[in-house]
Amino acid sequence: MKIILLSLIRIYWAVFPKNKRYKCIFRLSCSKHVYQVTEQEGLLEGFKALKYRYRNCRNGFHLFKNHVDDSMTMILPEGNLLLENEISERFIKT
4 MKIILLSLIR
14 IYWAVFPKNK
24 RYKCIFRLSC
34 SKHVYQVTEQ
44 EGLLEGFKAL
54 KYRYRNCRNG
64 FHLFKNHVDD
74 SMTMILPEGN
84 LLLENEISER
94 FIKT
């Protein structure tokens, strides 16, 4: 069954060029993350990763700059925190 999810992700990558895909807030894109989790940990964990990313990779996040060390932190819609090394570089550069 995990082959089906992995195949759907590969089809998504083939059909939609990178410049036409939704811009992910995570450093590792949602599709790559779900693909890796599914491949390494199985279908159930892949679906859990997909659900988590779907619920959090959208508007509603808050980005903060730590004035002590100039690092960035992001609060996701469900209240989870992302540290700078997990946040997409497009937010860090601005």
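Mapped onto my numbering, the consecutive letters of the sequence shown carry residue numbers 4 to 97. Glycine residues also receive a C-beta, built at the ideal position from the N, C-alpha and C atoms. Here the structure is a predicted model, which means the values were calculated and not measured.
The three-state secondary structure of isoleucine 90, taken from DSSP, is strand. The C-beta distance from phenylalanine 64 to isoleucine 28 rounds to 6 Å, short enough to fall under 8 Å. Note that the region 13 to 22 does not touch the region 67 to 80; fewer than 3 beta-carbon pairs, one per stretch, sit closer than 8 Å. Leucine 8 is classed as buried because its beta carbon has at least 16 other beta carbons within 10 Å across all chains shown.
Here DSSP, grouped into helix, strand and coil, assigns leucine 79 to coil. Remark: C-beta atoms of methionine 4 and leucine 46 approach each other more closely than 8 Å. For phenylalanine 29, no alpha helix (DSSP H) run applies, since DSSP gives it neither H nor E.
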